[in-house]
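J.: Have a look at this one.
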Amino acid sequence: MGFHGSGWWSYLSASSEQPRVTWGLMKRVLRYSYPYRWQIVGMLTLILAGTGLTLVTPLIMRRLIDVTLPAKDVQGLLGLSLLLLLIPAVGGMLAVWQRRLNAIVGEGVIYDLRAALYAHLQRMSLRFFTNTRLGELMSRLNNDVVGAQNAISNTIVGIITNLIQAVAVLAVMLTLEWRLTLISVLILPLFILAARRLGNRLRDIAREAMDTNAQMNAMMNETLNIGGALLVKLFGRSPMEVERFNQRAARVRDIGVQRAVLGSSFFVIIGLLSAVGTAMVYGVGGYMVILGTFTIGTIVAFGAYLTSLYSALQGLANAPVEFATSMVSFERVFEVIDLPLDIQEKTGAHVLKDAAGELIFQDVTFRYEVVEKNLLSEVRRYGQMESVTTALSGDKRGASPADGREEEEMSPRSQARQQALERVSFTARPGQLVALVGPSGAGKTTLTYLIPRLYDPTQGRILIDGYDLCDVTLDSLSAQIGMVTQET
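Be aware that the sequence shown starts at 1, since it is given in my numbering, and climbs by one per residue.
Quick look at the structure:
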């Protein structure tokens, strides 16, 4: 049971069944980040400083073990111990500053994205809202925007931090012992293989989870609002709606379990690979200590660097998964922002001021098209700038193309024409009181909705003070029209 058509969202889902991170998508994200470029520079500087501090600690430990303790240097011991205390303190302060800049960038980008999304929705025509599931729309506006925020604040910053850490640690390890360093990176191809094997599946599951949650939210909104609850009770559909909801909720549950299992498997595999590399390094390094070519302090420092390296590599191995998954949120938000506007004003449109109020209908015809739900071919037609529309509240639900193509061009199985107005002509002069009289469904509401351009006529034109409505700016037209709706 559905109280609104699902065509728009069928288009959105069908167009993104295989989410991929493209350069075009990345450029759009970067454009939203550009106003915060100096905060990003400061954040990167703090990341570099924090990474530098982490590199110092193992070297202090090596000196402590190889030099200070054998020499029984108490003063040196106190000095090195003090350094080991100060480094985490300074690193903590740097981390707080970095987190603050990170929050400024993340919250700022999401504010701009949410504002752009809401502004675009405000410009959409009435047909969009009569054919859109509110729950899915709210999911895009809230859940997906929050997912995009997580991408900015956590995923991307984590990738940058791990990349800097891996490069810096690897450079220091090469200066300590290049042979052990080569051994430690032998497992790197296995990291990449594991990431590719599980990464694509995790990304697809993330997308499915978003879509399924959006569908469940839409169903709750449809059946729990006053109109939906009334219909459910009037037609005795409570058991069916409960069963339908349980099916959706069960799918959300199953996806969550599947996602958790795959995620855990990924980290277990990466952990095992790290253990193999660590065992190899300590085995070879220990043998070098026995031979006297390697000091105990050096192998301890090398082990600390190895832990940092594998930690960074683990994050980077999972980076394609996390990055692609987080980009899904941006993709879903941009899908809505990219929906074309079927009611637009022309370049150089006239600004209507102090309208006298003469209104002329000239051979105005308006038709609705009733579109079956989930007809993806018809919905994709909207995505190609051929508007799929839905009927007005109070009239029969349906859709009408902006180009006014004849009925025989449409599939008779999937669509049917609903003639609302046909060749209507009249003039309402300034100061004249005009009453529209007719039975329910005669098109009275439709006619009044054409005046503020909530819809455009299929044929004919409407003039106000001699100007075609299509030649007048939307804002100035709205400013000259007052309306009390039948729902008020």
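Backbone N, C-alpha and C define an ideal beta-carbon position, used for all residues, glycine too.
In three-state DSSP terms, what is E17?
T.: With a pLDDT of only 45 at E17, under 50, the local geometry of the prediction cannot be trusted, and the value read off the model is given with reservation. In the structure shown, E17 sits in coil (DSSP, three-state: anything other than H, G, I, E or B).
J.: Applying the criterion that 16 or more other CB atoms from any shown protein chain within 10 Å of the CB defines a buried residue, is R196 buried or exposed?
T.: By the neighbour-count rule (16 or more Cβ atoms within 10 Å), R196 is not buried but exposed.
J.: Using a threshold of 9 Å, state whether the C-beta atoms of T359 and L477 are closer than that.
T.: A small fix is needed here, since residue 359 is Leu in this sequence, not Thr. Contact flag unset, no.
J.: Using 8 Å for Cβ pairs, my map puts E243 next to T223. What's the rounded Cβ distance?
T.: With a Cβ gap of about 12 Å, E243 and T223 do not count as contacting.
J.: Do I87 and V67 count as a contact pair if the criterion is CB distance below 9 Å?
T.: Not a contact, by the Cβ cut-off of 9 Å.
J.: How about S329 and A151: are their beta carbons less than 9 Å apart?
T.: Cβ atoms of S329 and A151: closer than 9 Å.
J.: Report the rounded CA-to-CA distance for Q215 versus L141, giving the unit in angstroms.
T.: C-alpha separation (whole angstroms): 14 Å.
J.: Within this structure, are the beta carbons of F235 and M219 separated by less than 9 Å?
T.: Cβ distance not < 9 Å, so F235 and M219 don't count as in contact.
J.: Check the DSSP bridge columns for V145 and list the partner residues they point to.
T.: Paired residue(s): none; V145 is not in a bridge.
J.: Compute the Euclidean distance between the alpha carbons of T293 and A194, then round it to the nearest angstrom.
T.: Distance between the alpha carbons of T293 and A194: 35 Å.
J.: Curious, which full-length alpha helix (DSSP H) runs of at least 4 residues does the stretch 436 to 478 contain?
T.: Fully enclosed alpha helix (DSSP H) runs of 4 or longer: 444 to 450.
J.: So, R332 versus M210, is the Cβ gap smaller than 9 Å?
T.: Closer than 9 Å, so yes.
J.: Under 9 Å between the Cβ atoms of D471 and V424?
T.: No; because the gap between Cβ atoms is not below 9 Å, this pair is not in contact.
J.: Output the residue ranges of the beta strand (DSSP E) runs that lie fully inside the stretch 294 to 353 and measure 3 residues or longer, sorted by chain position.
T.: Those beta strand (DSSP E) runs which fall completely within the stretch 294 to 353 and span 3+ residues do not exist here.
J.: In this structure, does DSSP put L359 in helix, strand or coil?
T.: Looking at L359 - three-state DSSP - the assignment turns out to be strand.
J.: For E422, name the three-state secondary structure that DSSP assigns.
T.: E422: strand per DSSP, three-state reduction.
J.: Who does F366 pair with in a DSSP beta bridge?
T.: For F366, which the question treats as bridged, DSSP gives the partners L421.
J.: Between S139 and N213, which are expected to be in contact by the criterion C-beta below 8 Å, what is the C-beta distance as a whole number of angstroms?
T.: With a Cβ gap of about 6 Å, S139 and N213 count as contacting.
J.: Report all residues from its chain with a CB closer than 6 Å to the CB of G106; omit the five preceding and five following residues, and keep chain order.
T.: Cβ neighbours of G106 beyond the five flanking positions: Q149, I152 and S153.
J.: Distance, Cα to Cα, K72 vs T298?
T.: Their Cα atoms are separated by approximately 18 Å.
J.: Using DSSP with H/G/I as helix, E/B as strand and the rest coil, what is A71?
T.: A71: coil per DSSP, three-state reduction.
J.: Is the distance from the Cβ of S308 to the Cβ of V169 below 9 Å?
T.: Yes. Within cutoff.
J.: In terms of alpha-carbon separation, which member of I270, L69, A279 and P340 lies closest to Q122?
T.: Selected option, being the one with the closest Cα: P340.
J.: Can you tell me which of K346, L82 and L46 puts its alpha carbon nearest to the alpha carbon of M61?
T.: Per the Cα distances, L82.
J.: Which parts of the stretch 186 to 245 are runs of the alpha helix (DSSP H), unbroken and 4 residues or longer, counting only runs that do not cross its ends?
T.: For the stretch 186 to 245, whole alpha helix (DSSP H) runs of length 4 or above, ordered along the chain, are 188 to 224 and 226 to 234.
J.: Around the Cβ of T347, are there at least 16 other Cβ atoms within 10 angstroms (buried) or fewer (exposed)?
T.: When all chains shown are included, T347 counts as exposed.
J.: Less than 9 Å between the C-beta atoms of I337 and L117, yes or no?
T.: Result yes, Cβ atoms of I337 and L117 sit closer than 9 Å.
J.: Hey, could you find the ends of the alpha helix (DSSP H) T54 is sitting in?
T.: Here the alpha helix (DSSP H) through T54 covers R37 to R63.
J.: Tell whether a beta-carbon distance below 9 Å holds between L202 and F266.
T.: Contact: yes.
J.: What residue range does the alpha helix (DSSP H) around Y34 cover?
T.: First-last for Y34: undefined, no H or E at that position.
J.: Should T45 be listed as close to the ligand GTP, given that the test is whether its C-beta is under 8 Å from any heavy atom?
T.: As for the ligand GTP, it is missing from this structure, which has no ligand bound.
J.: Which first and last residues belong to the alpha helix (DSSP H) in which G158 is found?
T.: Where G158 is concerned, the enclosing alpha helix (DSSP H) stretches over V157 to L176.
J.: First and last residue of the alpha helix (DSSP H) that includes L126?
T.: L126 -> alpha helix (DSSP H) spans L126 to T130.
J.: On a Cα-Cα basis, can you pick out the residue from S238, L188 and T295 that is closest to V276?
T.: It is L188.
J.: Indicate the three-state DSSP secondary structure (helix, strand or coil) for T427 in the structure shown.
T.: Note: T427 maps to strand in three-state DSSP.
J.: Buried or exposed: P35, going by 16 or more other Cβ atoms within 10 Å of its Cβ?
T.: That one is exposed.
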